[in-house]
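Below is one structure, written out as structure tokens; the observations come after it.
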């Protein structure tokens with residue numbers, strides 16, 4: 009199994025037929041997407057806050073690799089658990 013490259017989480021902003029616009033560090037980026045990614049994002053875009061895994065170079069989404077890398081799934085579960093806690097260390 010190929011190891012997932014470094015990634016960042018980006019805030020979903022807008023979906024277009026051939027790209028998705030995301031926000032990373034207060035800057036918008038247009039990332040090209042495949043038809044399969046577009047179909048998947050159409051389903052997800054109803055969420056009020058959606059974070060997407062984006063390559064470190066900010067050129068493509070990492071949705072396909074995300075589901076196959078157990079380390080990333082563990083990190084996301086930890087992130088989700090921290091977001092659900094009543095005390096957050098973010099900004100501290």
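Residue numbers (this note's numbering): 9 to 100.
Even glycine gets a Cβ: it sits at the ideal position worked out from N, Cα and C.
Any idea if residue i is buried or exposed, counting beta-carbon neighbours within 10 angstroms, 16 or more meaning buried?
i, result
"residue 51", "exposed"
"residue 54", "exposed"
"residue 22", "exposed"
Please return the same chain residues whose Cβ sits closer than 8 Å to the Cβ of residue i, not counting the five positions on each side in sequence.
i, result
"residue 27", "38, 39, 40, 41"
"residue 25", "46"
Please list, in chain order, all residues of the same chain as residue i whose beta carbon is under 6 Å from its beta carbon, the five residues on each side excluded.
i, result
"residue 18", "30, 32, 60, 62"
If you check the beta carbons only, do residue i and residue j fall under 9 Å apart?
i, j, result
"residue 71", "residue 20", "no"
Look at the alpha carbon of residue i and the alpha carbon of residue j, and state the distance between them as a whole number of angstroms.
i, j, result
"residue 66", "residue 35", "11 Å"
"residue 45", "residue 73", "12 Å"
"residue 102", "residue 56", "Nothing can be reported for residue 102, as the shown portion of the chain is limited to 9 through 100."
Taking 9 Å as the CB-CB cut-off, is residue i touching chain D?
i, result
"residue 34", "Given the protein chain composition of this structure (a single chain), no chain D is represented."
For residue i, collect the residues of the same chain with a Cβ closer than 7 Å to its Cβ; drop the 5 residues on either side in sequence, then sort them by chain order.
i, result
"residue 15", "61, 62, 63, 64, 70"
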